[in-house]
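Participant: Handing you this structure, nothing more for now.
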């Protein structure tokens, strides 16, 4: 019997500080009604002083290991999907490896923005299929609050902080990751970008004054590309496995905008109870989004053995992807 990469534990970690839409009304020219009707977001979690990406990433990973009953010392690889690392070097994954005491694990970050967790699971799946004895911890973790301009009402209302994780192992049987499908289009990079603090737009007074260290987004254009890509990549996952929309038991999509989620649900003909939603509580947490949602669905009892779970994401780059899992 074939070995599949199977998710055997999930975890998540979120800041304790809650920032509501009412709180934002005091900070920027916006309103609770405007944010809710256009995004579906009611509140988000924001990291406090001294709370960094690696802190949430490590805690999410620890909880995934606890659920699976696996010791960190037995990990072979740690992958962290993020666009907001603690620092340029070392990677968040190395800081997590140290925090968990995963003494023999390799560690690296990958950056595919909001699609990062699916990309990370895809990498883990290939490692495990090559060596079924491997145990790979995949984490999506972001502190986006430090990459938004809190005076820009078009972006600061959208994002939140947090982390989610999944432990992937090899196991014989028909349950596990059935397929993954990854795409990108770098020609559209300027529609959603953080230009500053890299080597093209290095740290300087001029670049900082221009706000190049903050997320810049052309919202309408991003929306247009996102809805098309998400529908297409969802269909790709189903068709590659000989399934149709009716075979989806739960859709976990990147929590970017409630309008996008509603559009995707309607296009796929899914009932509302087959689409997991938590954007109202956390906003857009980029690479952490699907990871947090997966853990919440798991701990709420929304996942049961044999269910077909479809995950889809779209993000800056542009990147997008899907993954079909038989739970």
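Numbering (my numbering), first residue to last: 284 to 610. In this text, a Cβ means the ideal position worked out from N, Cα and C, and glycines have one as well. These numbers come from a predicted model, not from an experiment.
Three or more beta-carbon pairs under 8 Å between the region 342-358 and the region 556-563, yes or no?
Facilitator: No, the region 342-358 does not touch the region 556-563.
Participant: How should residue 507 be labelled, buried or exposed, when 16 other C-beta atoms within 10 angstroms of its C-beta is the threshold for buried?
Facilitator: By the 10 Å Cβ count, residue 507 comes out exposed.
Participant: Reducing DSSP to helix, strand and coil, say where residue 312 ends up.
Facilitator: Looking at residue 312 - three-state DSSP - the assignment turns out to be coil, as it is neither helix nor strand.
Participant: Helix, strand or coil for residue 511? Go by DSSP, reduced to three states.
Facilitator: Helix at residue 511.
Participant: Use the C-beta contact count for residue 527: other C-beta atoms within 10 angstroms, 16 or more gives buried, fewer gives exposed.
Facilitator: Exposed, because fewer than 16 other Cβ atoms sit within 10 Å of the Cβ of residue 527.
Participant: Just to confirm, is the Cβ distance from residue 378 to residue 607 under 8 Å?
Facilitator: Contact: no.
Participant: Considering only residues of the region 441-517, which uninterrupted beta strand (DSSP E) runs meet the minimum length of 3 residues and lie entirely inside it, listed in chain order?
Facilitator: Complete beta strand (DSSP E) runs here, min 3: 444-455, 459-467.
Participant: Measuring CB to CB, does residue 570 end up less than 8 Å from residue 533?
Facilitator: It is not a contact, given that the beta carbons lie outside the stated cut-off.
Participant: Which residue spans inside the region 359-406 form an unbroken beta strand (DSSP E) run of at least 3?
Facilitator: Within the region 359-406, the complete beta strand (DSSP E) runs of at least 3 residues are 360-364, 389-393.
Participant: Along the chain, where does the beta strand (DSSP E) that runs through residue 355 open and close?
Facilitator: No beta strand (DSSP E) contains residue 355, which DSSP labels as neither H nor E.
Participant: Going straight from the alpha carbon of residue 363 to that of residue 583, what length do you get?
Facilitator: Residue 363 and residue 583: Cα-Cα distance of roughly 24 Å.
Participant: Since I believe residue 336 is in contact with residue 375 (beta carbons under 8 Å), could you give me their beta-carbon distance rounded to a whole number of angstroms?
Facilitator: Sure, about 5 Å apart at Cβ, within 8 Å.
Participant: Would you kindly work out how many angstroms separate the C-alpha atoms of residue 591 and residue 539, rounded to a whole number?
Facilitator: Taking the straight line from one Cα to the other gives about 22 Å.
Participant: I think residue 423 touches residue 574, with their Cβ atoms under 8 Å apart; what is that distance to the nearest whole Å?
Facilitator: Right, the Cβ-Cβ distance comes to about 4 Å (below 8 Å), so this counts as a contact.
Participant: Tell me, please, which residues DSSP counts as bridged to residue 564.
Facilitator: Paired residue(s): none; residue 564 is not in a bridge.
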